[in-house]
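Data block below; observations after.
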Amino acid sequence: AQSVAQPEDQVNVAEGNPLTVKCTYSVSGNPYLFWYVQYPNRGLQFLLKYITGDNLVKGSYGFEAEFNKSQTSFHLKKPSALVSDSALYFCAVRDSDGQNFVFGPGTRLSVLP
Amino acid sequence: DAGVIQSPRHEVTEMGQEVTLRCKPISGHDYLFWYRQTMMRGLELLIYFNNNVPIDDSGMPEDRFSAKMPNASFSTLKIQPSEPRDSAVYFCASSFNGDYNEQFFGPGTRLTVL
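Chains A and B, in that order, are what the protein sequence lines are. Take the first sequence: its letters are residues 74 to 186, numbered as in my numbering. Take the second sequence: its letters are residues 1128 to 1241, numbered as in my numbering.
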């Protein structure tokens, strides 16, 4: 069965500094990986995904993620954090039949002014 | 498109009452998912449908929960009878099979059972 781990409950970063939110996964076949963001009192919003191809994936709002097969990781990154990036971030992996997601527990990102 | 629409946005009810949550997926999407989010358990998949047919309901917590999708544009999640531990935010999401499956989430229904 597939699983996703987000080892950090909380990440704090100063505005303007680079940020990284970590994600590791376990899946039997080829992984399809996703990042979502949730702002307070809102539903989850899709940020980016890795299906195949380049290991570095670019997404919305300046975010990118790097797929590393040997480390089974898919860390979310942004070169320069904004206060408005403060939110809850979820990593997800798709299972073998392609329609069921498993979401990680979420990481709360706080960008301090 | 207006995105995934959920109603009501907030529901407060008393223990033992029936609760019905509603969802309208994005037009053309053939998968629909129901999730529950709590502080303790995070985001849990309850059930999902493909072309209006329930595919996996293993996440439905117990018989008090039921979900239907009578047509491609409407789904309901019903709790009968409701209990305080059902208090959570319930999300509906939809996706299109041919687009590598990113899901589009509705705004959620915040359910409080007193």
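Don't be surprised by glycine CBs; every beta carbon is placed ideally from N, CA and C. Quick caveat: nothing in here was measured; it's all calculated off a predicted structure.
Whole-number beta carbon distance between residue j and residue i, since they are thought to touch under 8 Å
i, j, result
"residue 1211 of chain B", "residue 1144 of chain B", "Not quite, the Cβ-Cβ distance comes to about 12 Å (not below 8 Å), so this is no contact."
"residue 1241 of chain B", "residue 1217 of chain B", "Going by Cβ atoms, the distance from residue 1241 of chain B to residue 1217 of chain B rounds to 17 Å, so no, they are not a contact pair."
"residue 1233 of chain B", "residue 1220 of chain B", "7 Å"
"residue 98 of chain A", "residue 147 of chain A", "6 Å"
"residue 139 of chain A", "residue 151 of chain A", "Residue 139 of chain A to residue 151 of chain A, Cβ: 12 Å. No contact."
"residue 1159 of chain B", "residue 1176 of chain B", "5 Å"
"residue 166 of chain A", "residue 77 of chain A", "5 Å"
Chain-ordered chain A contacts of residue i [CB-CB under 7 Å]
i, result
"residue 1234 of chain B", "115, 116"
Interface residues of chain A facing residue i [CB-CB closer than 9 Å]
i, result
"residue 1192 of chain B", "The premise fails here: residue 1192 of chain B is roughly 18 Å from chain A at the closest Cβ pair, so nothing lies under 9 Å."
Per-residue contacts from residue i into chain B (C-beta, under 7 Å)
i, result
"residue 104 of chain A", "Neighbours of residue 104 of chain A on chain B: none; closest Cβ ~12 Å, over 7 Å."
Sheet register partners of residue i (DSSP bridge)
i, result
"residue 163 of chain A", "A/109"
"residue 1133 of chain B", "B/1150"
"residue 1181 of chain B", "B/1176"
"residue 136 of chain A", "Per DSSP, none; premise fails for residue 136 of chain A."
Contacts of residue i in chain A (Cβ-Cβ under 8 Å)
i, result
"residue 1223 of chain B", "Those do not exist, as residue 1223 of chain B stays about 11 Å from chain A at its closest Cβ, beyond 8 Å."
Chain B residues whose Cβ lies nearer than 8 Å to that of residue i
i, result
"residue 179 of chain A", "1169, 1170"
"residue 140 of chain A", "Ordered by position in chain B, no residue passes the 8 Å Cβ test against residue 140 of chain A, which lies about 14 Å from the chain."
Near the ligand MG: residue i beta-carbon under 6 Å from a heavy atom
i, result
"residue 1129 of chain B", "As far as ligands go, the structure on display features none, and thus does not contain the ligand MG."
If we require 3 or more residues per run, which beta strand (DSSP E) segments fall completely within the region 1190-1225 of chain B? List check, beta strand (DSSP E) in window: 1192-1198, 1201-1206, 1215-1222.
Under 7 Å (Cβ pairs) to chain A, residues found in the region 1148-1169 of chain B
The region 1148-1169 of chain B vs chain A, Cβ under 7 Å: 1158, 1169.
Anything in the region 1189-1220 of chain B with a Cβ closer than 8 Å to a Cβ of chain A? List those residues in chain order, please.
-> Legend: CB atoms of the region 1189-1220 of chain B lying less than 8 Å from CB atoms of chain A belong to residues 1218, 1220.
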